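Q: Adding 7 to a residue's 1-based position in the sequence shown gives its number in my numbering.
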Amino acid sequence: MYAAALALTLAPAAAAHGPGQRPGAAAPLVAPATVTADEWTNEAAAAFWTPELIESAVPELIRGDPDVIPPVTAEAARAAVPQAEYFAGTPTVGTLLYRSQDAQAHSCTASVIKSPGRNLILSAAHCNPGLDGRTAFIPKYTKGSMPFGVWAVTSRYSDPRHTTTGAGSNLDFAFGSTEDRDGVKLQDLTGGNTLTRTPSYTNPAVTVIGYPGASHDPDHKDRPIRCAPPTTRLPGYKQMTMTCDGFYGGTSGSPWMTNFNGTTGNVIGVLGGLNGGGPSSGKEDRTSYSPYFDDDVFALYDRATKGGTSDSAPPYSMGSTGTWKHARHLASGEFTGDGRDDLVTVWSDGEVTLYSGNGSGGFSGESQLAKPNTTWTHVVSLTAGQFAGRSTSDLVVRWSDGEVTLYPGVTRGGHLAEEIQSSPPNPVWLHAAVISAGRFNTTGTAPSTLMVRWDDGHLSLFSFNGRTMTGETPIGAANSTWTHATVVMAGDLAGKNTYDLVVRWSDGETTLYPDVDTAGMHGENKLLDPNSRWVDAKPMTIGSYSQNGWPDDVIVVWPSGLVTEHQNSGSSALGTEQNLVA
């Protein structure tokens, strides 16, 4: 286990959430000899962490040069601040004890996470839980009470990119594995919480449970506290923030949970992040931070459950909002032949990139299909479908000079397929405002059909014979309403095989037209009322990115570079918004 653990060399205690060393803390201990994994057992942990030593443990602190935090708004300052309450605790949350390099005892909070090995805990990376620190976890601890005993933490897994400030503070989470007790797993006794992707920066309520230290407990019993405040985003970071009085030092690593039933819940964050999880001045127990849980935490979880090493490759990331500000066009399709939809992106400098879908709503890698160039800066509209009789998707591009070209197949080999001219430059196609591809026929089968929204508001369908368009089928006459159709996408949100149109109008309203075919529209469903936010929703695309097999996942790139996905959208509402790039 020792050889498999990540980042087991114990560094000096990092900055953490809390106001300062509590009064009466014991002097540093004389450093005992380093132990091995075989020597650090549950019995050894129970013998080492005596009641007196536990009581002397110093809650982790915020220190160092903090990053600049945006000021609190007047509206937020006026809002009522909730007060955390003390309670008897829950078996899935406990105190985490460890020894720093200066031999001082420290405390944080950790929680039990469901895992195949049933022996995993989650805390903050700055809490330094590791073997050399003689780390121990005590579920549902209160002074004089250890109903589930003391558990030796024998391995630690953290992201080596973690830092106390800057972007690395977004990675302030760590897992630890515990030793079995007479063949019994920790999770079998306590139960476990479910590690869950953070659904949004803004959540109506999260249950946060932590151990602030006995000096703050009016009964001096070192009881845990809980609070269920809303969350917002910490500006400039992939972190949430919440406001609740009482989260002093020792609460670092506290789980942030949704759907908490009194015993277990869905962990969407841990108290940590910038400066160890809070501001460096003011009433520091009031405002707390948490990293945003995305692919990074799940990649680390995967390594922890498999005993991965620090040599493991870092998880794939789609990049930053600074990059995605420059995305101009998107197209969804199954380009690589693996049965999963992928994403083609055209950038403002003409670069073209393929993002490979992972089949679970995210992406596993990227390939450059075209280097930055002036040609691809002239794309007016882009779509993908099966036009050339292949099993994989093709790209269709409408250029600024009215030319329409087909790229039959896109590969991960670093290039686009050979271009086929479907229509030469001509004045007619200069009036094609938006193109989109779908199976707009009564059977809902391939090949795809090209739908065009013209600048006078009329709509047409075009079939392909493998290389060129074969004819126009009008499905809507010229009108002023459809001139406001800013984004037109094809997908199957209604789930009836024949494709639907999803339209984002110039006022932000978003509408679904189910089962469009050569006979035209067959009804209209409003997905979103007019709103100011969706006025800026562009570029957008619909693909089959999640596991349900339907092209009903809506991806949006926002002006800030935020990239969101609405998985499993339906005929009457978009799916819950999740962040791909934040």
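C-beta atoms are modelled at their ideal positions from N, C-alpha and C, and glycine is treated no differently.
Since this is a predicted model, take the numbers as computed values, not measurements.
Does the distance from the C-beta atom of residue 291 to that of residue 285 stay below 8 Å?
A: Against a cut-off of 8 Å, the Cβ pair of residue 285 and residue 291 comes out as a contact.
Q: Would you decide whether residue 123 is buried or exposed? Buried here means 16 or more other CB atoms lie within 10 Å of its CB.
A: exposed
Q: Buried or exposed: where does residue 169 fall if 16 or more other Cβ atoms within 10 Å of its Cβ makes it buried?
A: buried
Q: Classify residue 477: buried if its beta carbon has 16 or more other beta carbons within 10 angstroms, exposed otherwise.
A: exposed
Q: Quick check on this structure: which residue in 429, 417, 365 has the alpha carbon closest to the alpha carbon of residue 475?
A: 429
Q: Which residues does DSSP pair with residue 147 in a beta bridge?
A: In DSSP, residue 147 forms no bridge with anything.
Q: Residues in the same chain with beta-carbon distance under 8 Å from residue 396, minus the five sequence neighbours each way, listed in chain order, please.
A: If we look at residue 396 and ignore the five residues flanking it on each side, its Cβ neighbours are 454, 473.
Q: Could you tell me how far apart the beta carbons of residue 554 and residue 340 are, in whole angstroms, since I believe they sit closer than 8 Å?
A: Taking 8 Å as the upper bound for CB-CB distance, residue 554 and residue 340 are not in contact here, some 18 Å apart.
Q: Note down the Cα distance separating residue 120 from residue 218, rounded to an integer number of angstroms.
A: 18 Å
Q: Cα separation between residue 325 and residue 587?
A: 8 Å
Q: Could you tell me whether the segment 223-231 touches the segment 193-200, where touching means 3 or more Cβ pairs closer than 8 Å?
A: The segment 223-231 is not in contact with the segment 193-200.
Q: Measure the alpha-carbon distance for residue 294 versus residue 462 and round it to whole angstroms.
A: 51 Å
Q: Between which two residues does the beta strand (DSSP E) holding residue 262 run?
A: 262-265
Q: Measuring alpha carbon to alpha carbon, tell me which residue in 380, 381, 399 is nearest residue 348.
A: 399
Q: Within the same chain, show all residues whose beta-carbon is closer than 6 Å to that of residue 182, passing over the 5 residues directly before and after it, in chain order.
A: Counting only Cβ-Cβ distances below 6 Å, and skipping sequence neighbours, we find 127, 129, 164, 311.
Q: How should residue 329 be labelled, buried or exposed, when 16 other C-beta atoms within 10 angstroms of its C-beta is the threshold for buried?
A: exposed
Q: Check whether the segment 505-512 touches the segment 539-557, taking contact to mean three or more Cβ pairs, one atom from each stretch, closer than 8 Å.
A: yes
Q: By Cβ distance, which residues of its chain are closer than 6 Å to residue 96, with the 5 residues on each side in sequence left out?
A: 147, 231
Q: What do you get for residue 382, buried or exposed, if any count of 16 or more other CB atoms within 10 angstroms of its CB means buried?
A: exposed
Q: Name the two residues that bound the continuous alpha helix (DSSP H) containing residue 375.
A: No alpha helix (DSSP H) holds residue 375; the beta strand (DSSP E) holding it covers 370-377.
Q: Could you name the residues of the same chain whose beta carbon sits closer than 8 Å to that of residue 344, not counting the 5 residues immediately before and after it, in chain order?
A: 398, 399
Q: Whole angstroms is fine: what's the gap from residue 56's alpha carbon to residue 561's?
A: Rounded to whole angstroms, residue 56 to residue 561 spans 52 Å at the Cα level.
Q: Comparing alpha-carbon positions, which option in 335, 116, 465, 270 lies nearest residue 566?
A: 335
Q: Report back the beta-carbon spacing between residue 390 and residue 446 to the nearest angstrom; my notes put them in contact at under 8 Å.
A: Cβ-Cβ separation between residue 390 and residue 446: approximately 13 Å, too far for a contact (criterion under 8 Å).
Q: Going by beta-carbon coordinates alone, are residue 352 and residue 375 separated by less than 8 Å?
A: no
Q: To the nearest angstrom, report how far apart residue 167 and residue 134 are at their CA atoms.
A: Looking at the two C-alpha atoms, the distance is approximately 14 Å.
Q: Considering only C-alpha positions, which residue in the set 173, 174, 105 is nearest to residue 158?
A: Closest by alpha carbon: 105.
Q: Quick check: the Cα distance between residue 552 and residue 142, rounded to an integer number of angstroms?
A: Rounded to whole angstroms, residue 552 to residue 142 spans 41 Å at the Cα level.
Q: Within 10 angstroms of its Cβ, does residue 50 collect 16 or more other Cβ (buried), or is it exposed?
A: Under a 10 Å Cβ-count criterion, residue 50 is classified as exposed, with fewer than 16 other Cβ atoms of the shown protein chains found around its own Cβ.
Q: Starting from the N-terminal side, write out each stretch of the beta strand (DSSP E) that is 3 residues or longer and does not extend beyond the segment 425-480.
A: Within the segment 425-480, the complete beta strand (DSSP E) runs of at least 3 residues fall at 427-430, 439-445, 456-461, 466-471.
Q: Cα separation between residue 496 and residue 508?
A: Distance between the alpha carbons of residue 496 and residue 508: 6 Å.
Q: Please go through the same chain and pick out, in chain order, the residues whose beta-carbon is closer than 8 Å to the beta-carbon of residue 54, but skip the five residues on each side of it.
A: For residue 54, where only same-chain residues beyond five positions count, there are no Cβ hits under 8 Å.
Q: Taking the C-alpha atoms as reference points, what is the distance between residue 200 and residue 494?
A: The C-alpha of residue 200 lies about 41 Å from the C-alpha of residue 494.
Q: Considering residue 298, what are the terminal residues of the beta strand (DSSP E) in which it resides?
A: 294-298
Q: Does any residue of chain B bring its CB to less than 8 Å from the CB of residue 234?
A: In summary, chain B is missing from the structure at hand, where a single protein chain is found.
Q: Taking the alpha-carbon of residue 363 as reference, which of 260, 442, 46, 550 has the nearest alpha-carbon?
A: 550
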